[in-house]
């Protein structure tokens, strides 16, 4: 009797088989937690964990934008420079006495504009995404130096701007809140809206997506705009956190973002990747960095570990592809 | 249901690609609720016609009327919205999304106008699949399904999701097993009842007699005949599909020797070839014929090491051929001219010399395999250029700048440097003009005369008949016949290539169960 009761209609539900590969990033996170606890007694303290999340906020927000672009079979190298744009734009505007909200909106719109340029170059201009965004990456950084004369902006930044990233809600740093909001938003948009699913469709096969009536050009362009907006937002958070407008903000962040999403299982060829995976990827990179910092490993050497993590994940993914095919 | 109303009317459609006239003043009418089979040899213009109706190509002249209204579609999606759904041979799908998502992509049901209603999406999708009696899990990713299931999903999507009044199916049963073919035919019957018209392109005569109401035969871009299924016989269809004269320009051939040079036994490639056995004697030219999907185009690729060979043995002059990679095959004496010369055969932005000697640089023109002896290579390639009459615009002309004929000759010339034991040719004259064609034929012929066995795959039947001593006809991945001498005619090749009822084999076959997989 028991078996009959539990007998489900075959083929009507998602297979319950435990998909080891899907949860691989989670295992890595757990593993790093163990390694962290063993290597330093400071690791597992509440403050340190909050610290990890807080510092993860900026690269994570950029990684989410990158994820949108990569899912649509693109790549956005300009995110680091756009982060810098967001950073100095916000700082310059608040220092010039504009209201904080307006300064933030201005910074994000600037990022959106660069994203739109990327999108148009890729879709209308039929450029390779890597080349188009490399060009805007270089160009945007140059614009930053023009805006700031290359010097950091220390003065005139009001407290109500700084409090955005420096403040706490219920004892939790605001940065953590931004991280959670960004992931929740990405989860809803990519997993549960037509727009989000259409990004996956476009990344999976542009031709078929077009045949299905999905507006491929619009979808692709919009992912670059989202990426630009999120990168600029990360820049605003960075400016607020340090209370300075830094012309070098975001240098190298494009590579961190790509590392995060790839370690999180997003396929660079488009169409495959989950928000949960990217969240794990962000944690892996952030925790790894944190452990290395606690253990006083120099910044130069830290990148070796990141590189190894990246290679390890790529090897795992290609092994997974081979075994699944 | 008004049977006599026309769902689709094609008036005077013409289409050329360059100098090549593919469709000439073609007229075709499709009645409401009928299944209209479209038949013709490879290159008769069927695919082009389908592509024009579905908006992939645009006709040079003529008009298309859908329900009496003139229409002009600019993309397959526009056509779909306008009521013409097309199932191309290649499956249109997004492999990493689920079956349900593929079915509803672009028309997903939503809650509050924003969020996808996953529950109704999956339930509806599963319901539609279950209604057809198919064993497909709607929540499964497309890439995990078998090719046949993927095709069925595509069919469901195309006909159910958009309100199509005309459905075009190009070889829909190519990868389906008997159960799935039955499911498809049930679906087609249901569509007919709803007054939906179907253009059905297939090489399988059995299916056509089972499902079609009328048959149109195309030849050389013209409509030869449209007839009701009841009033036409199989052999008449075959006769209508061919019926051209053999031009006189094929070189005179000398009889081959009796020594077997290339001996292929039981060659098998998963899903493509099964138990392919034949031999090629020295000085002999053997052709391979077969319709799309028959496996004919895979034989040479399998021999050359471009396919994963599952079973079989191949011997060249009594020595066993070890098939691993193209490089290894070349080393063992195989010379190969690929079908797609731009993608597989030539370095387009390099000189003719470079292209001629690329594959033999190390073995023939180098000092201990390390340093290239350019001068020697240059001399050798100049000889070939002279011998084949390749026309260059200058000594350093890039091969990409030459005409198709000269490119093809260069591809050929590569195998004149060095010594080879077997020549494998795929579509050696595709896209070249008549003059270059003749020269290539001469060259093949003289290579064969010099003792080389030649295996030639071509979709042009006349070329096979004109050039070959024997022709192997492929069907369903197997050899369905080997023709030579008087038997070597277009009718006979097509007869062996077309997939027809078991009845054709004889009365005894009637008692046998119909094989479940095609």
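Chains as they are written, first to last, in our numbering: chain A, 1 to 325; chain B, 326 to 843.
For every residue, glycine included, the Cβ atom is placed at its ideal position computed from N, Cα and C.
My guess is that residue i and residue j are in contact by the Cβ rule of under 8 angstroms, so how many angstroms apart are they, rounded?
| i | j | result |
| --- | --- | --- |
| residue 417 of chain B | residue 211 of chain A | 5 angstroms |
| residue 723 of chain B | residue 676 of chain B | 6 angstroms |
| residue 371 of chain B | residue 548 of chain B | About 11 angstroms; that fails the 8 angstroms criterion. |
| residue 81 of chain A | residue 137 of chain A | 5 angstroms |
| residue 253 of chain A | residue 83 of chain A | 6 angstroms |
Would you mind telling me which residues of chain A sit closer than 7 angstroms to residue i, beta carbon to beta carbon, in chain order?
| i | result |
| --- | --- |
| residue 417 of chain B | 208, 211 |
Can you pull the chain B residues whose beta carbon is under 8 angstroms from the beta carbon of residue i, in chain order?
| i | result |
| --- | --- |
| residue 181 of chain A | Chain B residues near residue 181 of chain A: none, gap ~18 angstroms exceeds 8 angstroms. |
| residue 204 of chain A | 419, 420, 421, 422 |
| residue 214 of chain A | 430, 431 |
In chain A, which residues lie with their C-beta within 8 angstroms of the C-beta of residue i?
| i | result |
| --- | --- |
| residue 439 of chain B | 193 |
| residue 433 of chain B | 194, 197 |
Going by Cα to Cα distance, which pick from the options is closest to residue i?
| i | options | result |
| --- | --- | --- |
| residue 37 of chain A | A/26, A/135, A/49 | A/49 |
| residue 155 of chain A | A/217, A/97, A/127, A/68 | A/97 |
| residue 637 of chain B | B/654, B/601, B/619 | B/601 |
| residue 410 of chain B | B/483, B/387, B/374, B/461 | B/483 |
| residue 517 of chain B | B/340, B/477, B/492, B/603 | B/492 |
| residue 823 of chain B | B/771, B/620, B/661 | B/620 |
| residue 294 of chain B | B/524, B/425, B/452, B/521 | The structure shown does not extend to residue 294 of chain B, since chain B is modelled only from 326 to 843, so the question has no answer here. |
| residue 53 of chain A | A/283, A/221, A/291 | A/283 |
| residue 745 of chain B | B/713, B/753, B/779, B/768 | B/779 |
| residue 580 of chain B | B/551, B/565, B/611 | B/611 |
| residue 428 of chain B | B/361, B/523, B/336, B/451 | B/451 |
| residue 609 of chain B | B/691, B/749, B/378 | B/749 |
| residue 92 of chain A | A/69, A/203, A/201, A/236 | A/236 |
| residue 23 of chain A | A/311, A/269, A/263 | A/263 |
| residue 907 of chain B | A/191, A/172, A/141 | The requested residue 907 of chain B is not part of the displayed model; chain B covers only 326 to 843. |
| residue 366 of chain B | B/443, B/454, B/783, B/504 | B/783 |
| residue 771 of chain B | B/666, B/342, B/713 | B/713 |
| residue 631 of chain B | B/663, B/488, B/644 | B/663 |
| residue 754 of chain B | B/596, B/336, B/731 | B/731 |
| residue 490 of chain B | B/392, B/430, B/419 | B/392 |
| residue 682 of chain B | B/743, B/495, B/775, B/646 | B/743 |
List, in order along the chain, the chain B residues whose C-beta lies closer than 9 angstroms to that of residue i?
| i | result |
| --- | --- |
| residue 49 of chain A | The premise fails here: residue 49 of chain A is roughly 32 angstroms from chain B at the closest Cβ pair, so nothing lies under 9 angstroms. |
| residue 271 of chain A | 419, 420, 421, 422 |
Taking residue i as the query, report the chain B residues whose CB atoms sit under 7 angstroms from its CB, ordered along the chain.
| i | result |
| --- | --- |
| residue 326 of chain A | Any answer about residue 326 of chain A is impossible in this case: the structure gives chain A only from 1 up to 325. |
| residue 226 of chain A | What residue 226 of chain A touches in chain B: nothing, since even the nearest Cβ is about 16 angstroms away. |
| residue 318 of chain A | Residues of chain B passing the Cβ test: none, with the nearest at roughly 16 angstroms. |
Bridge partners of residue i, per DSSP?
| i | result |
| --- | --- |
| residue 390 of chain B | B/334, B/395 |
| residue 782 of chain B | B/613, B/751 |
| residue 552 of chain B | B/540 |
| residue 795 of chain B | B/611, B/809 |
| residue 590 of chain B | B/638 |
| residue 353 of chain B | B/335 |
| residue 340 of chain B | B/348 |
| residue 604 of chain B | B/588 |
| residue 362 of chain B | B/525, B/540 |
| residue 494 of chain B | B/412, B/525 |
| residue 598 of chain B | B/594 |
| residue 803 of chain B | B/800 |
| residue 645 of chain B | B/640 |
| residue 423 of chain B | B/466 |
| residue 632 of chain B | DSSP output for residue 632 of chain B lists no bridge partner at all. |
| residue 440 of chain B | A/193, B/436 |
| residue 824 of chain B | B/529 |
Run down chain A in chain order and give the residues with a C-beta less than 9 angstroms from the C-beta of residue i.
| i | result |
| --- | --- |
| residue 426 of chain B | 197, 200, 201 |
| residue 401 of chain B | 210, 211 |
| residue 410 of chain B | Result: empty, since nearest Cβ-Cβ is about 10 angstroms, beyond 9 angstroms. |
Inset, instruction - Give, in chain order, every unbroken run of the alpha helix (DSSP H) that is at least 4 residues long and sits entirely within the region 136-178 of chain A. - result: 159-166
Legend entry - Minimum length 3: unbroken beta strand (DSSP E) runs contained in the region 500-530 of chain B: 522-526
Inset, instruction - Would you mind listing the beta strand (DSSP E) stretches within the region 656-701 of chain B that are 3+ residues and don't spill past its ends, in chain order? - result: 659-662
Legend entry - Residue ranges of each alpha helix (DSSP H) within the region 30-89 of chain A, 4 or longer: 46-71
Inset, instruction - Write down every uninterrupted run of the alpha helix (DSSP H) in the region 211-292 of chain A whose length is 4 residues or greater and which is fully enclosed by it, in chain order. - result: 216-242, 253-263
Legend entry - In chain order, each beta strand (DSSP E) run of at least 3 residues that lies wholly inside the region 442-477 of chain B: none
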